[in-house]
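Residues are numbered in our numbering as their position in the sequence shown, beginning at 1, plus a constant of 489.
To start, the structure itself, in structure tokens.
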Amino acid sequence: MISLTRLNGRPIILNAILIELIEETPDTMITLTTGKKITVLEKAEVVVSLVRTYMQEIGSVRAVIKSKETEES
């Protein structure tokens with residue numbers, strides 16, 4: 490889960506695994522796999538950084554790398 494801020498200043502906690510698309514239009518709009526769209530104050534690069542950190546914390550990034558190494562062996 491990552492912490493973000495809605496346009497009205499209210500904080501939200503978002504399940505980063507559900508993120509499908511991040512756009513800057515110029516506000517940052519996040520589209521979830523459910524089809525729901527959320528607009529936040531943080532820039533896209535900040536959201537991407539938070540998602541990367543979260544994925545590393547839960548071990549998702551290492552699992553993908555290990556899986557790829559196993560396939561190449």
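Glycine is no exception: its CB is placed at the ideal position from the N, C-alpha and C atoms.
Distance between beta carbons of residue j and residue i, contact taken as under 8 Å
i      : j      : result
Ile508 : Leu521 : 6 Å
Buried/exposed call for residue i, threshold 16 Cβ in 10 Å
i      : result
Thr542 : exposed
Ile519 : buried
Val537 : exposed
Own chain partners of residue i with C-beta closer than 8 Å, once the 5 adjacent residues on each side are dropped
i      : result
Thr523 : Leu507
Arg495 : Ile501, Ile527, Thr528, Val529 and Leu530
Leu532 : The residue asked about is misnamed: residue 532 is Lys in this sequence, not Leu. Taken in chain order, the residues that qualify are Glu513 and Thr517.
Extent of the continuous beta strand (DSSP E) run through residue i
i      : result
Leu503 : Pro500 to Leu503
The alpha helix (DSSP H) enclosing residue i, as first and last residue numbers
i      : result
Glu546 : Ala533 to Glu546
Same chain, Cβ closer than 6 Å to residue i, neighbours up to 5 away in sequence not counted
i      : result
Ile491 : Leu503, Ala505, Leu539 and Tyr543
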